[in-house]
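Notes follow once the structure below has been shown.
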Amino acid sequence: MSNKSKNKKYTVPKRTARQYKTDIAFVSSVVGIFTLAALCLIILPRTNYSETERRELTKYPEFTMEEYFSGEYAETVSKWFSDTVPQRDAIMEISAAIQKIKGFKQNNIELHGVGGLDKVDDDNSDVSAPDTSKPTESTPVESQPVTSEPIEDTEKTSSDTSLDTSNEEIKDPGINNNDPAGNIEINNANGVAVVGTRALMMYGSNPGMQVNYANVLNKFKAALPDVNVYCMLVPTACEFYSPPELDGYHSSQLKAINNVSSNLVNVKNIDVYTPLANHVSEDIYLRTDHHWAPLGAYYAAEAFAKAAGVPFYDLSHYNRVVNKNFCGSMYGYSNYNVTLKNNPEDFVYYKPKDIEYTATYYNYMLDENWDVVGAYDPYDASFFIDYGDNGGNNYCTFMGGDAKIVHVKTNAGTGRKLAIFKDSYGNAVPGYLFGSFDDIYVLDLRYFTYNGVSFMKKHGITDLLFANNIFTAGDSGKINSYEEILVQNDNDMFKMYYEEFEITNN
Amino acid sequence: MVFSDLFFLYIFLPAFILLYCISRKIDSNIFKNKIHSKANSLVSNYVLIIFSLFFYSWGEPIYIFLMIGSVFVNYIIGGLITRKKTSSKAALVVGLVFNISVIGVFKYANLLVDTLNLFGNSFERPISEFPIGISFFIFQSMSYLIDVYRRDVPPQRNFFSLLLYISLFPQLIAGPIVRYSTIAEEISTRHISIGDIADGSFRFLVGLGKKVILANQLSVITSQFLDGDLDKLSVGVAWIALIAYTFQIYFDFSGYSDMAIGLGRCMGFHFNENFDHPYISSTITEFWRRWHISLGTFFRDYVYIPLGGNRKHQPFNIMVVWFLTGLWHGASWNFVLWGVYFGIIVMLEKYTILKVKDKIPKFFLHIYSIFLIVFGWALFYFEDFGRLGKFIGILFGNAQAGWDFLAQNTLMGNLVLLIACVVFSLPIKNIVSKLYTKSLDSSGAAGLMCVGKVSCAVVLLLVSTVLLVGNTANPFLYLRT
Numbered sequence: 009m010s011n012k013s014k015n016k017k018y019t020v021p022k023r024t025a026r027q028y029k030t031d032i033a034f035v036s037s038v039v040g041i042f043t044l045a046a047l048c049l050i051i052l053p054r055t056n057y058s059e060t061e062r063r064e065l066t067k068y069p070e071f072t073m074e075e076y077f078s079g080e081y082a083e084t085v086s087k088w089f090s091d092t093v094p095q096r097d098a099i100m101e102i103s104a105a106i107q108k109i110k111g112f113k114q115n116n117i118e119l120h121g122v123g124g125l126d127k128v129d130d131d132n133s134d135v136s137a138p139d140t141s142k143p144t145e146s147t148p149v150e151s152q153p154v155t156s157e158p159i160e161d162t163e164k165t166s167s168d169t170s171l172d173t174s175n176e177e178i179k180d181p182g183i184n185n186n187d188p189a190g191n192i193e194i195n196n197a198n199g200v201a202v203v204g205t206r207a208l209m210m211y212g213s214n215p216g217m218q219v220n221y222a223n224v225l226n227k228f229k230a231a232l233p234d235v236n237v238y239c240m241l242v243p244t245a246c247e248f249y250s251p252p253e254l255d256g257y258h259s260s261q262l263k264a265i266n267n268v269s270s271n272l273v274n275v276k277n278i279d280v281y282t283p284l285a286n287h288v289s290e291d292i293y294l295r296t297d298h299h300w301a302p303l304g305a306y307y308a309a310e311a312f313a314k315a316a317g318v319p320f321y322d323l324s325h326y327n328r329v330v331n332k333n334f335c336g337s338m339y340g341y342s343n344y345n346v347t348l349k350n351n352p353e354d355f356v357y358y359k360p361k362d363i364e365y366t367a368t369y370y371n372y373m374l375d376e377n378w379d380v381v382g383a384y385d386p387y388d389a390s391f392f393i394d395y396g397d398n399g400g401n402n403y404c405t406f407m408g409g410d411a412k413i414v415h416v417k418t419n420a421g422t423g424r425k426l427a428i429f430k431d432s433y434g435n436a437v438p439g440y441l442f443g444s445f446d447d448i449y450v451l452d453l454r455y456f457t458y459n460g461v462s463f464m465k466k467h468g469i470t471d472l473l474f475a476n477n478i479f480t481a482g483d484s485g486k487i488n489s490y491e492e493i494l495v496q497n498d499n500d501m502f503k504m505y506y507e508e509f510e511i512t513n514n
Numbered sequence: 144m145v146f147s148d149l150f151f152l153y154i155f156l157p158a159f160i161l162l163y164c165i166s167r168k169i170d171s172n173i174f175k176n177k178i179h180s181k182a183n184s185l186v187s188n189y190v191l192i193i194f195s196l197f198f199y200s201w202g203e204p205i206y207i208f209l210m211i212g213s214v215f216v217n218y219i220i221g222g223l224i225t226r227k228k229t230s231s232k233a234a235l236v237v238g239l240v241f242n243i244s245v246i247g248v249f250k251y252a253n254l255l256v257d258t259l260n261l262f263g264n265s266f267e268r269p270i271s272e273f274p275i276g277i278s279f280f281i282f283q284s285m286s287y288l289i290d291v292y293r294r295d296v297p298p299q300r301n302f303f304s305l306l307l308y309i310s311l312f313p314q315l316i317a318g319p320i321v322r323y324s325t326i327a328e329e330i331s332t333r334h335i336s337i338g339d340i341a342d343g344s345f346r347f348l349v350g351l352g353k354k355v356i357l358a359n360q361l362s363v364i365t366s367q368f369l370d371g372d373l374d375k376l377s378v379g380v381a382w383i384a385l386i387a388y389t390f391q392i393y394f395d396f397s398g399y400s401d402m403a404i405g406l407g408r409c410m411g412f413h414f415n416e417n418f419d420h421p422y423i424s425s426t427i428t429e430f431w432r433r434w435h436i437s438l439g440t441f442f443r444d445y446v447y448i449p450l451g452g453n454r455k456h457q458p459f460n461i462m463v464v465w466f467l468t469g470l471w472h473g474a475s476w477n478f479v480l481w482g483v484y485f486g487i488i489v490m491l492e493k494y495t496i497l498k499v500k501d502k503i504p505k506f507f508l509h510i511y512s513i514f515l516i517v518f519g520w521a522l523f524y525f526e527d528f529g530r531l532g533k534f535i536g537i538l539f540g541n542a543q544a545g546w547d548f549l550a551q552n553t554l555m556g557n558l559v560l561l562i563a564c565v566v567f568s569l570p571i572k573n574i575v576s577k578l579y580t581k582s583l584d585s586s587g588a589a590g591l592m593c594v595g596k597v598s599c600a601v602v603l604l605l606v607s608t609v610l611l612v613g614n615t616a617n618p619f620l621y622l623r624t
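Structure follows, in structure tokens:
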């Protein structure tokens, strides 16, 4: 059989005059709309920064022969074009609204990236066998836009020492949320469930890693035998607000916390689980953000002060500040869940009324990979930075973010000096302790360029608190950071301020 | 570059349309006075070539030279085939060996190395990634040589015309496999009517919608469950994910073919259809007449029939064709397994179902076919046999749970999408176009239909555009074929 017979030559079909007319009408309308859309995309100013995803969008690449022949150049140009469309955040909202049409909510729960039943919980047999590699089980979540690019650090704009609580000073408070905690936490997560109007990051336990976490804290204690070392592991909202339908899709955080505490040697465990569990009916967690609410941190700080045997001021000593219409990070993490956007919440925090303090900021300068590359001039400012209504980054109220060391000097007169080694959950705690310790050093485990042990000794620290959320205790990256801090040398990059540092402290 | 990319849609395409229109105008001036020449395309062909090469080089800045080089070799050999009758067979053999070597080295050398390494060797993989669309342009080159050898078409005297045939950007990287004989004449002489543009642009938008609105949404389900930790899946979730993949691959690939056919049409080329509602098939034999038609006919005309077709050792011929069909889809043994799986079914059908087909209720035949097709996609999806085995186990009950909340939630959360997929797998196009033709009898109905068609087109365009914003990775599944 020859293929000649099958390849009918195309013959122009007869089209009637009416058909001709409708064709003309069709083509001109479509071409018109297409041209309009093209002009909008080409002419209107491009978006460079996404408020919702809190990241710098793809930049137009520089042309080099090497980049071109590797195909990188073309790929980045395409990416740039679709990433930076005019009015990006608004269009992404429309996109999410369109995608919502694809189905119905089941039991008022929407799942984003939840990969399946979690078996780890039943499998505590390997508790004693710490593993060094964690399974990459959440690839789909990793591909969410939120995690793809770090945000530029911000403190570049805030090197002037006049920074005070009015956020007018800060050009873009959004950028100030330099919080890669989100990056790492979401990698560890088993996806996001939006239950009613509350977003929950599903927790996946890693018992072996929890032992590693306990061990690194033990090493700090061993190196600092005279210092009181505390472990505060904060459960996340998923533990308290997951409905029974989600059983099996997240692990027990209580088990994880108990696993860590049972492996601690001479490190005091601060039980914040119980006080938080006792107050679940209050707004102790943010619904639209992956952090807890400042009120939750209050109960945790209370438990800590009690355990440390220091005085503690109750909420009557604080002014309650309310930021309306807050929609936090979970909107981005859930791939623009419309329910969250339509149900913003109040961000409520507490500023000390009559407790005096000075907070000195030592800000790090970061490069685009979030690596510390330098430092800014230290300056004094309020511990609290108000982000106002309608925000998305209000959790940065505490010190404006993470990439810094903040030294708070108070009139507590207790003779105790506290260092808090924390992730972003820990940011909300020190604000309640200004009447409890004479000095408080807030140190972030991801941005710390000194030797952890000599730092504590140098500054006469009496109490060292590790305040992290439970995801951190399963995160090899963060545990390694602590391991490094134990052994690393003081970084010269800070030499210029180092003397001042010491003067401040003595 | 891919079609479902804002850069293609709103930068490349407008630039191309503009220059193509201008070049057509120039062409019509050039050929106006040449009454004796049948041809009417010259400048427009160069515009097409330049844009096509740019299109390909955007994703393959190095392998573009391989593509051009291979076209050149085929051009020379095409000429040799017709030069002398005595040596034409030898020239054809040389040409086929050349093409098979190119695809063998650039696509299958890694598979060979991996397979040898399984037996204790440790060779390095020679190619990091194989050239996009190599399976398509090499197969088109072979079709050219064979058609010329069979005297179905004269060889192309102009190198650039042959380059245009191979590199033509609508069909370059993911098919359909356009035979040289199909568009040989249109390379030099083509007419574009307003009807072509209306039909072609609508077809393109339908394809875009299939890809962006259906396939890309389904990919959220498939990548989440099929690429993740299989141990976590319940039976229900596994089936939902596999069914989602079944629709994803259909709308992805047929969407691409629609876009290619539509674009070609707007430029004055008429490619053959590549899909004919494959999921309504009542037998697997029928399925393969409706799925990726240009590949099926390629193997039928260039392999199956020359081997002897159904006249001698038919079972052997069938198995060769299906082995090759499987292998064509990817350089991994699971594709071969997938091909052979269908080969065996088709062969069994010949002796069983096809003989009694009319006596079995259609409904049962559909269930039978759909089950085998869906299951087949599992073989197609997992290149890792360990994961494939585990997944098949889960499909048939070896899982933590049968039906769990996640299955329920995923099903409900995508119910409208899945129903839409079922509906658009049915031949509703035929019904609608019948209605459309009928409406042309009265001006009122025609106006109404036109408004409807415009609305559809605009919705498809705008919704696809919105969904593509920020979506930076949505390659076609068949791109690396």
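Taken in order, these protein sequences are the chains called B and A. Here the numbering used here is used: the first residue of the first sequence is 9, the next is one more, and so on. Here the numbering used here is used: the first residue of the second sequence is 144, the next is one more, and so on. Every residue, glycine too, gets a C-beta built ideally from N, C-alpha and C. Keep in mind it's a predicted model, so treat the numbers as computed, not measured.
Quick check on residue 423 of chain A - is its C-beta less than 9 angstroms from some C-beta in chain B? Your numbering for residue 423 of chain A matches position 280 in the second sequence. Residue 423 of chain A does not count as touching chain B.
Contact under 9 angstroms by Cβ, residue 338 of chain B with residue 437 of chain B: Residue numbering aside, residue 338 of chain B sits at position 330 when the first sequence is read from its first letter. Residue numbering aside, residue 437 of chain B sits at position 429 when the first sequence is read from its first letter. For residue 338 of chain B and residue 437 of chain B, no; Cβs fall outside 9 angstroms.
Given that a residue counts as buried once 16 or more other Cβ atoms are within 10 Å of its Cβ, and exposed if not, what is residue 91 of chain B? Within the first sequence, residue 91 of chain B is the residue found at index 83, counting from 1. Result: buried.
For residue 535 of chain B versus residue 237 of chain B, is the C-beta distance shorter than 9 angstroms? Beyond the ends of chain B as shown, which are 9 and 514, falls residue 535 of chain B; an answer cannot be given.
Just the chain A side, please: which residues come within less than 8 angstroms of residue 112 of chain B by C-beta, in chain order? Walking along the first sequence from the start, residue 112 of chain B turns up at place 104. Residues of chain A passing the Cβ test: 555, 556, 558, 559.
How many angstroms separate the CA atom of residue 58 of chain B from the CA atom of residue 48 of chain B? To locate residue 58 of chain B, count along the first sequence from 1; it is residue 50. To locate residue 48 of chain B, count along the first sequence from 1; it is residue 40. Each residue's alpha carbon lies about 19 angstroms from the other.
Do the segment 308-318 of chain B and the segment 330-345 of chain B make contact, defined as three or more Cβ pairs closer than 8 angstroms? The count of Cβ pairs closer than 8 angstroms, one atom from the segment 308-318 of chain B and one from the segment 330-345 of chain B, stays below three, leaving the stretches out of contact.
Count the other CB atoms, across all protein chains shown, that sit within 10 Å of the CB of residue 447 of chain B; report buried if there are 16 or more and exposed otherwise. Position 439 of the first sequence, counted from the first residue, corresponds to residue 447 of chain B. With 16 or more other Cβ atoms within 10 Å, it is buried.
Just list the beta strand (DSSP E) runs in the segment 378-402 of chain B, keeping only unbroken ones of 3 residues or longer that don't cross its boundaries, in chain order. Secondary structure within the segment 378-402 of chain B: the beta strand (DSSP E) runs of 3 or more consecutive residues, fully enclosed, are 380-383, 387-389 (chain order).
When DSSP labels each residue in this structure, what does residue 68 of chain B get in the three-state scheme? Locating residue 68 of chain B in the first sequence gives position 60, counting from the first residue. In this structure, residue 68 of chain B counts as coil in the three-state DSSP scheme.
For residue 348 of chain A, which residues from the same chain have a beta carbon less than 7 angstroms from its beta carbon, with the 5 sequence-adjacent residues on both sides left out? Residue numbering aside, residue 348 of chain A sits at position 205 when the second sequence is read from its first letter. Counting only Cβ-Cβ distances below 7 angstroms, and skipping sequence neighbours, we find 600, 603, 604.
Can you pull out the residues from the segment 200-212 of chain A whose beta carbon lies closer than 9 angstroms to at least one beta carbon of chain B? Answer in chain order: 200, 201, 202, 203, 204, 205.
Can residue 303 of chain A and residue 192 of chain A be called in contact, C-beta distance under 9 angstroms? Taking the second sequence and counting its residues from 1, one reaches residue 303 of chain A at position 160. Taking the second sequence and counting its residues from 1, one reaches residue 192 of chain A at position 49. Yes; because the gap between Cβ atoms is below 9 angstroms, this pair is in contact.
Simplified DSSP state of residue 114 of chain B, which is helix, strand or coil: Here residue 114 of chain B corresponds to residue number 106 of the first sequence, with the count starting at 1. Residue 114 of chain B: strand per DSSP, three-state reduction.
Who are the neighbours of residue 337 of chain A on chain B, taking C-beta pairs under 7 angstroms? Residue mapping note: residue 337 of chain A aligns to position 194 of the second sequence, counting from 1. Near residue 337 of chain A (Cβ distances below 7 angstroms), the residues of chain B are 28, 31, 32, 35.
Take the Cβ of residue 290 of chain B as the centre, count every other Cβ of all protein chains shown within 10 Å, and call the residue buried at 16 or more, exposed below. In the first sequence, counting from the first residue as 1, residue 290 of chain B sits at position 282. Exposed.
Residues of chain B with CB closer than 9 angstroms to the CB of residue 572 of chain A, please, in chain order. For the purposes of this step, residue 572 of chain A is taken as residue 429 along the second sequence, with counting starting at 1. Ordered by position in chain B, no residue passes the 9 angstroms Cβ test against residue 572 of chain A, which lies about 16 angstroms from the chain.
Just list the alpha helix (DSSP H) runs in the segment 456-484 of chain A, keeping only unbroken ones of 4 residues or longer that don't cross its boundaries, in chain order. The segment 456-484 of chain A contains these whole alpha helix (DSSP H) runs: 457-471.
Alpha carbon to alpha carbon, how far is residue 86 of chain B from residue 150 of chain A? Give it in angstroms, no decimals. Translated into the one-based positions of the second sequence, residue 150 of chain A becomes position 7. Translated into the one-based positions of the first sequence, residue 86 of chain B becomes position 78. Separation of residue 150 of chain A and residue 86 of chain B (C-alpha to C-alpha, rounded to the nearest whole angstrom) is 6 angstroms.
Do you know offhand how far residue 177 of chain B's Cα is from residue 394 of chain B's? Taking the first sequence and counting its residues from 1, one reaches residue 177 of chain B at position 169. Taking the first sequence and counting its residues from 1, one reaches residue 394 of chain B at position 386. Confidence at residue 177 of chain B is low in this model, with a pLDDT of 30, below 50, so the placement of that residue should be treated as unreliable; the coordinate-derived value is given next. So the two alpha carbons sit approximately 11 angstroms from each other.
Quick check: is the beta carbon of residue 63 of chain B nearer than 9 angstroms to any beta carbon in chain A? Position 55 of the first sequence, counting from 1, holds the residue named residue 63 of chain B. Among the residues facing chain A, residue 63 of chain B is not included, as its CB has no counterpart in that chain under 9 angstroms away.
I believe residue 488 of chain A touches residue 427 of chain A by the beta-carbon criterion, under 8 angstroms. Please report the beta-carbon distance rounded to the nearest angstrom. For the purposes of this step, residue 488 of chain A is taken as residue 345 along the second sequence, with counting starting at 1. For the purposes of this step, residue 427 of chain A is taken as residue 284 along the second sequence, with counting starting at 1. In this structure, residue 488 of chain A and residue 427 of chain A form a Cβ contact; the two beta carbons are roughly 5 angstroms apart against a cut-off of 8 angstroms.
How about residue 624 of chain A: is its C-beta nearer than 9 angstroms to some C-beta of chain B? Here residue 624 of chain A corresponds to residue number 481 of the second sequence, with the count starting at 1. Because the pLDDT at residue 624 of chain A is just 49, under 50, the model does not fix this residue reliably, and the value given afterwards should be weighed accordingly. No, residue 624 of chain A lies away from the interface with chain B (no Cβ there is under 9 angstroms from its Cβ).
Suppose you measure from the CA of residue 369 of chain B to the CA of residue 98 of chain B; what does that come to, to the nearest Å? One-based indexing of the first sequence puts residue 369 of chain B at position 361. One-based indexing of the first sequence puts residue 98 of chain B at position 90. Approximately 35 angstroms, taken between the alpha carbons.
Can you give the beta carbon distance from residue 296 of chain B to residue 336 of chain B, rounded, assuming they're within the 8 angstroms contact cut? Along the first sequence, one-based indexing puts residue 296 of chain B at 288. Along the first sequence, one-based indexing puts residue 336 of chain B at 328. With 8 angstroms as the limit, residue 296 of chain B and residue 336 of chain B qualify as a contact, their Cβ atoms being about 4 angstroms apart.
Enumerate in chain order the residues of its own chain whose CB-to-CB distance from residue 232 of chain B is below 7 angstroms, with the five nearest sequence positions on each side excluded. For the purposes of this step, residue 232 of chain B is taken as the residue at position 224 of the first sequence. Apart from the 5 residues on each side of it in sequence, residue 232 of chain B sits with its Cβ closer than 7 angstroms to the Cβ of 461, 464, 472 in its chain, given in chain order.
Which residues in the same chain as residue 185 of chain A place their Cβ atom closer than 7 angstroms to its Cβ, once the five residues preceding and following it in sequence are excluded? For the purposes of this step, residue 185 of chain A is taken as the residue at position 42 of the second sequence. Within its own chain, the residues whose Cβ lies closer than 7 angstroms to the Cβ of residue 185 of chain A, once the five positions on either side in sequence are excluded, are 170, 173, listed in chain order.
Cβ pair residue 199 of chain B, residue 217 of chain B closer than 9 angstroms: The count along the first sequence starts at 1 and reaches residue 199 of chain B at position 191. The count along the first sequence starts at 1 and reaches residue 217 of chain B at position 209. Their beta carbons are not under 9 angstroms apart, which means residue 199 of chain B does not touch residue 217 of chain B by this criterion.
Quick one: residues in its chain with C-beta nearer than 6 angstroms to the C-beta of residue 422 of chain A, no 5 flanking neighbours on either side, listed in chain order? Residue mapping note: residue 422 of chain A aligns to position 279 of the second sequence, counting from 1. So the list reads 568, once near-sequence residues are dropped.
Between the Cα of residue 314 of chain A and the Cα atoms of A:282, A:445, A:335, which residue gives the shortest distance? To locate residue 314 of chain A, count along the second sequence from 1; it is residue 171. The option with the nearest alpha carbon to residue 314 of chain A is A:282.
Does the CB of residue 253 of chain B have a neighbour CB from chain A at under 9 angstroms? Within the first sequence, numbered from 1, the residue matching residue 253 of chain B stands at position 245. Yes - at least one Cβ of chain A is within 9 angstroms of the one on residue 253 of chain B.
In whole angstroms, what separates the C-alpha of residue 117 of chain A from that of residue 538 of chain A? Residue coverage of chain A in this structure runs from 144 to 624, which leaves residue 117 of chain A outside it and unanswerable.
N-terminal and C-terminal residue of the alpha helix (DSSP H) that residue 581 of chain A is part of: Reading the second sequence from its first residue, position 438 is the one you call residue 581 of chain A. For residue 581 of chain A, the enclosing alpha helix (DSSP H) stretches over residues 571-582.
Going by DSSP, what residue range makes up the beta strand (DSSP E) through residue 477 of chain B? Translated into positions along the first sequence, residue 477 of chain B becomes position 469. Taken as a continuous stretch (DSSP letters only), the beta strand (DSSP E) holding residue 477 of chain B covers 471-477.
CB-CB length for residue 289 of chain A against residue 316 of chain A, believed under 8 angstroms: One-based indexing of the second sequence puts residue 289 of chain A at position 146. One-based indexing of the second sequence puts residue 316 of chain A at position 173. Incorrect: roughly 22 angstroms between the Cβ atoms, too far for contact.
Using a Cβ cut-off of 9 angstroms, pull out every chain A residue sitting near residue 118 of chain B, in sequence order please. Along the first sequence, one-based indexing puts residue 118 of chain B at 110. When 9 angstroms is used as the limit between beta carbons, residue 118 of chain B is near these residues of chain A: 552, 556, in chain order.
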